[in-house]
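>
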Amino acid sequence: MRQLLEKYPEYKSNGDKGVRLVLVGGSRNTEDAARVNGLRALAEQLEIDSYVEFIVNASYPEMLGWLSQSSVGLSTMVDEHFGINVVEFMAAGVIPVTHASGGPLNDIVVPFNGRPTGQ
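Per this note's numbering, the sequence shown starts with residue 157, numbered consecutively.
1) Leaving out the 5 sequence neighbours to the left and right, which residues in its chain are closer than 6 Å to E209 when beta-carbon positions are compared?
2) Can you tell me whether I204 is helix, strand or coil according to DSSP?
3) What does a CB cutoff of less than 8 Å around R158 pick up in its chain, not counting 5 residues either side in sequence?
4) Going by DSSP, what residues sit across from R271 in a beta bridge?
5) According to DSSP, which residues form a beta bridge with T232?
6) What first and last residue would you give for the alpha helix (DSSP H) that runs through L161?
7) Around the C-beta of G270, are 16 or more other C-beta atoms found within 10 angstroms, so that it is buried, or is it exposed?
8) Taking all protein chains shown into account, do 16 or more other C-beta atoms lie within 10 angstroms of the C-beta of N241, making it buried, or fewer, making it exposed?
9) Should V234 go down as buried or exposed, given a rule of 16 or more other Cβ atoms within 10 Å for buried?
10) What would DSSP say about V180, mapped onto helix, strand or coil?
11) For F238, which of helix, strand or coil comes out of DSSP?
12) Measuring only the C-alpha atoms, how far is H237 from V266?
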């Protein structure tokens, strides 16, 4: 995010159309909470905290609301069993970016009508 804002400074002052990173996810335990706190601290250290928002343990309707405003969905888990979030991204018309492993690679990005459904 910092590199994006440095390369394209016009994104910083573009009002409601400016670029933001919104992280929506669950926090299941103290380790997850520590990870979220570490990411918040990193955003502050990189001086991008005003462009980053953390939505922790959002309800399903709230998550759908965020997806309806999004352009790209980032799934960071390696070797995820299936990848329901990737399917949710696709259903919302959001471009999914995911690790090429596990369910997203083996079950979602598969040929359909002789053409790939992703790269």
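All C-beta atoms in this analysis are idealised placements derived from N, C-alpha and C, irrespective of residue type, glycine included.
This is what the structure holds:
1) The residue given as residue 209 occupies position 53 in the sequence shown. The beta carbon of E209 lies closer than 6 Å to those of V178 in the same chain, with the five residues before and after it left out.
2) On the sequence shown, residue 204 is found 48 positions in, with the first residue counted as 1. Looking at I204 - three-state DSSP - the assignment turns out to be coil, as it is neither helix nor strand.
3) For the purposes of this step, residue 158 is taken as the residue at position 2 of the sequence shown. Contacts found: L202, E203 and I204.
4) Numbered from 1 along the sequence shown, position 115 holds the residue referred to as residue 271. Note: R271 sits in a beta bridge opposite F268.
5) Mapped onto the sequence shown, residue 232 falls at position 76. When beta bridges are read from the DSSP output, T232 appears opposite no residue.
6) Locating residue 161 in the sequence shown gives position 5, where the first residue counts as 1. Where L161 is concerned, the enclosing alpha helix (DSSP H) starts and stops at R158 to K163.
7) Numbered from 1 along the sequence shown, position 114 holds the residue referred to as residue 270. G270 is exposed by the Cβ-count criterion.
8) Here residue 241 corresponds to residue number 85 of the sequence shown, with the count starting at 1. With 16 or more other Cβ atoms within 10 Å, it is buried.
9) Translated into the one-based positions of the sequence shown, residue 234 becomes position 78. Exposed: under 16 other Cβ atoms inside 10 Å.
10) Taking the first residue of the sequence shown as position 1, residue 180 is located at position 24. The answer is strand: DSSP assigns V180 an E or B state.
11) Along the sequence shown, one-based indexing puts residue 238 at 82. Reduced to three states, the DSSP call for F238 is coil.
12) Within the sequence shown, the letter at position 81 stands for residue 237. Within the sequence shown, the letter at position 110 stands for residue 266. So the two alpha carbons sit approximately 15 Å from each other.
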